[in-house]
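Numbering (UniProt numbering), first residue to last: 1 to 122.
What follows is one structure encoded as C-alpha cells, with my remarks underneath.
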C-alpha cells in the first residue's frame, strides 16, 4: 500500500494508515486533494463518499506536511510545483494495488488532483 495514504471505512473514526486496514465495501474511491493537502474539505469529501458505500483512500501527495490554509494559495502552489508536480505514478500504483480488491474503483480529484486523475486514466 502507498505510504501516507489515509483510509476511511465504516467503524473507523478519523483516518488511518491504509496499510493497516482491510476492505469493508466492494467499492472504493481514491480522492486526490488540491494543492492545499489533506485538509478538512478533503476529509469531508472522503466521509461523503464513504456514506455512499465506498472505502476511501486519500494519498498524501506531499506527505509529512501540514495542510496549507486557503490564504496560503501562492505558497501552496509553489510547494506543489516544486515538490509534487503532475506525476501520476502514486495514483497508478495505488490503482494497481486496489484493482484486485474491489469490484468498483473510482478516482475523484479536486483542482490539481483532478489533473492527476485525468493523467492516471491515460
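Beta carbons are placed, not taken as given, at the ideal position from N, Cα and C, and that holds for glycine.
Just so you know, these numbers come straight off a predicted model, no measurement behind them.
Measure the C-alpha to C-alpha separation of residue 31 and residue 71 and round it to an integer number of angstroms. In the chain shown, counting from the first residue as 1, residue 31 sits at position 31. In the chain shown, counting from the first residue as 1, residue 71 sits at position 71. Approximately 22 Å, taken between the alpha carbons.
Inspect the CB distances between the stretch 42-54 and the stretch 72-82 and report whether three or more fall short of 8 Å. no
Please report the straight-line C-alpha distance between residue 96 and residue 81, rounded to a whole angstrom. As a working mapping, residue 96 is identified with position 96 in the chain shown. As a working mapping, residue 81 is identified with position 81 in the chain shown. Roughly 25 Å separates the two Cα atoms.
Among the candidates 118, 104, 117, whose CA atom is the shortest distance from the CA of residue 24? The residue you call residue 24 lines up with position 24 of the chain shown. Among 118, 104, 117, the Cα nearest to that of residue 24 is on 104.
First through last residue of the alpha helix (DSSP H) which encompasses residue 84: To locate residue 84, count along the chain shown from 1; it is residue 84. In the DSSP assignment, residue 84 falls outside any alpha helix (DSSP H), carrying neither H nor E.
Strictly by DSSP, which residues pair up with residue 107? Numbered from its first residue, the chain shown carries residue 107 at position 107. Answer is 30, bridged to residue 107.
With DSSP as the reference, label residue 57 as helix, strand or coil. For the purposes of this step, residue 57 is taken as residue 57 along the chain shown, with counting starting at 1. Here residue 57 sits in strand by DSSP.
For residue 119, the nearest candidate out of 61, 88, 62 (CA to CA): To locate residue 119, count along the chain shown from 1; it is residue 119. Closest option to residue 119, Cα to Cα, is 88.
Who are the Cβ neighbours of residue 33 in its own chain at under 7 Å, not counting the five residues just before and after it? Position 33 of the chain shown, counting from 1, holds the residue named residue 33. Within the same chain, residue 33 has close Cβ partners 42, 58, 61, 110, 113.
By the three-class DSSP mapping on this structure, what secondary structure does residue 47 have? Numbered from its first residue, the chain shown carries residue 47 at position 47. If DSSP states are grouped into helix, strand and coil, residue 47 belongs with the helices.
Taking residue 65 and residue 37 to be in contact with their CB atoms under 8 Å, please state how far apart those CB atoms are, rounded to whole angstroms. Position 65 of the chain shown holds residue 65. Position 37 of the chain shown holds residue 37. Between residue 37 and residue 65 the Cβ distance is about 6 Å, and since that is below 8 Å, they are a contact.
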